[in-house]
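Report on one structure; see the data block that follows.
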Amino acid sequence: MRMMKMGFILIWVSVFGYGMGKVQEPRIVGGSLAAQGEFPYIVSLRYRGSHYCGGSLIHPQIVMTAAHCLERIKPDEVWLGGTDFLNPNSFEQIPVRAIRIHPYFFQNTLRNDIALVVLARNSSLSTVAMNTDPSREDAGTGVTVAGWGTEDSNAPTGPNQLMEAGLQMVKLADCMSYYSSGLTPGQGSSGVYPGMICANAPGKDSCQGDSGGPLVWQSGKTVYQVGIVSFGEGCAQKCFPGVYTQVSAYRCFILHMTNDIL
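Numbering (mature numbering (1 follows the signal peptide of the UniProt record, and there is no 0)) for the sequence shown: -21 to -1, 1 to 241.
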């Protein structure tokens, strides 16, 4: 089954509260604990006190995430800056003021899976730079994904601590081929399209609860976000890389929405 990488609470509400839909599936598989301060820009989207999706701080008052995280549930607040949910005082906790979903987001295909969350006030934390150079997405390029998602697709909840995993970019044509030929009719929408990028590594992947979180590439001290966790076929499945929204393809949308919001 094609899985979006959203947390269990959102799966429950989407399926049992709103009717059957495509299941979201995100969390870090095969990862390691992230150090405090290593990902200052990473965000936890919260609904009724629980984490359900990730995001990234791209402006002191704007969080970038996946559109599928916001279509049926709107976060009450976001947590920023910490790594351990058991230590809530280590996070900035900011209410959400508004959301902006890409106007051409399609739930059935997950095309244009990008959205912005407007915070009620500015965060004091560092923002992440948006990638504008497609060469950073070339096959074999080393990238990192981080989040609080589950460690396998059958786990009901994710860890309390932020995890990270090193991945490599996959050639888009290969990823398209894997998804178009690897699924049988009735298993859900299986396309990978322009505006998406793919990454994987043996035994490593994003999984349930990681949706909306950042896929990043680092050069020196500068971190560039190249992707947004979107979906996958299970988690860390052979021949099925994780699929991410391509940040560089949505620069105009991000700038337009940011200028409109502010």
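Note that CB positions come from ideal geometry on N, CA and C, so glycine has one too.
Any non-hydrogen atom of the ligand FAD closer than 6 Å to residue i Cβ
{"i": "VAL202", "result": "In the structure shown, the ligand FAD is absent, as is every other ligand, since no ligand is present at all."}
Nearest candidate by alpha-carbon position, reference residue i, set the options
{"i": "ALA77", "options": "VAL42, GLY121, ALA152, ALA125", "result": "VAL42"}
{"i": "VAL57", "options": "THR237, SER23, TYR229, LEU65", "result": "SER23"}
{"i": "ALA13", "options": "ILE93, LEU89, LEU141", "result": "LEU141"}
{"i": "THR111", "options": "ILE52, VAL205, LEU49", "result": "VAL205"}
{"i": "PRO173", "options": "SER29, GLY60, GLU116, LEU59", "result": "GLU116"}
{"i": "GLN216", "options": "GLY61, ILE240, TYR157, LYS150", "result": "TYR157"}
{"i": "SER114", "options": "VAL226, MET236, ILE80", "result": "VAL226"}
{"i": "LYS53", "options": "ASN87, ILE233, SER103, SER29", "result": "SER29"}
{"i": "residue 260", "options": "SER185, VAL171, CYS154", "result": "Here the chain comprises residues numbered -21 to 241, so residue 260 is not present and cannot be evaluated."}
{"i": "PHE84", "options": "VAL75, LEU95, HIS47, PRO67", "result": "HIS47"}
{"i": "MET175", "options": "ASN68, MET155, GLU50", "result": "MET155"}
{"i": "GLY16", "options": "GLU71, ARG27, ALA45", "result": "GLU71"}
{"i": "LYS183", "options": "THR201, TRP196, CYS218, ASP153", "result": "CYS218"}
{"i": "ARG51", "options": "SER160, LEU234, TYR31, SER185", "result": "TYR31"}
{"i": "SER103", "options": "GLN40, THR201, GLY213", "result": "GLN40"}
{"i": "CYS186", "options": "ARG25, CYS214, LEU234", "result": "CYS214"}
{"i": "ARG25", "options": "SER35, ASP55, LEU36", "result": "ASP55"}
{"i": "LEU49", "options": "LEU36, VAL195, ASN68, VAL75", "result": "VAL75"}
{"i": "THR224", "options": "ASN68, VAL195, PRO67", "result": "VAL195"}
{"i": "PRO67", "options": "ASN139, LEU234, ASP153", "result": "ASN139"}
Per DSSP, the bridge partner or partners of residue i
{"i": "GLU116", "result": "According to DSSP, GLU116 bridges with nothing at all."}
{"i": "ARG90", "result": "PHE85"}
{"i": "CYS32", "result": "LEU24"}
{"i": "GLU143", "result": "SER11, ALA125"}
{"i": "GLN225", "result": "GLY206"}
{"i": "MET148", "result": "ALA178"}
{"i": "VAL97", "result": "ILE41, ALA77"}
{"i": "MET109", "result": "GLN204"}
Whole-angstrom C-beta distance between residue j and residue i, which should lie under 8 Å
{"i": "GLY10", "j": "SER190", "result": "About 16 Å; that fails the 8 Å criterion."}
{"i": "GLY211", "j": "ALA178", "result": "Between ALA178 and GLY211 the Cβ distance is about 10 Å, and since that is not below 8 Å, they are no contact."}
{"i": "ILE93", "j": "ILE207", "result": "6 Å"}
{"i": "ALA180", "j": "LYS150", "result": "That belief does not hold up - the Cβ atoms of ALA180 and LYS150 are roughly 15 Å apart, past 8 Å."}
{"i": "TYR229", "j": "ALA108", "result": "No, TYR229 and ALA108 are not in contact; Cβ-Cβ is about 14 Å, not under 8 Å."}
{"i": "PRO19", "j": "SER105", "result": "4 Å"}
{"i": "ARG90", "j": "MET236", "result": "The pair is not a contact, with the Cβ atoms about 17 Å apart (cut-off 8 Å)."}
{"i": "PHE232", "j": "HIS81", "result": "6 Å"}
{"i": "GLY199", "j": "GLY128", "result": "Not confirmed; about 28 Å, so no contact."}
{"i": "ILE73", "j": "LEU59", "result": "7 Å"}
{"i": "GLN45", "j": "SER209", "result": "Correcting the residue identity first, residue 45 is Ala in this sequence and not Gln. So it is a contact: roughly 6 Å between Cβ atoms."}
Beta carbon proximity, residue i to chain C, threshold 7 Å
{"i": "GLU71", "result": "In the displayed structure, chain C is absent; only one protein chain is listed."}
Handout entry: Stretch-stretch touch, CB-based, cutoff 8 Å, three pairs: the stretch 116 to 124 with the stretch 142 to 149
Key = The stretch 116 to 124 is in contact with the stretch 142 to 149.
Exercise for the section: Scan the stretch 168 to 212 and note each continuous beta strand (DSSP E) run of 3 residues or more that stays entirely inside, going in chain order. Expected result: Those beta strand (DSSP E) runs which fall completely within the stretch 168 to 212 and span 3+ residues are 175 to 179, 193 to 198, 201 to 212.
Problem - Sequence ranges, beta strand (DSSP E) only - wholly within the stretch 28 to 79, length at least 3 - result: Look at the stretch 28 to 79 and you find these whole runs of beta strand (DSSP E), each 3 residues long or longer: 29 to 38, 41 to 44, 56 to 59.
Practice task
Check whether the stretch 85 to 105 touches the stretch 61 to 70, counting contact only when three or more Cβ pairs, one atom from each stretch, lie closer than 8 Å.
Solution key: No, because fewer than three Cβ pairs between the stretch 85 to 105 and the stretch 61 to 70 fall closer than 8 Å, the two stretches do not touch.
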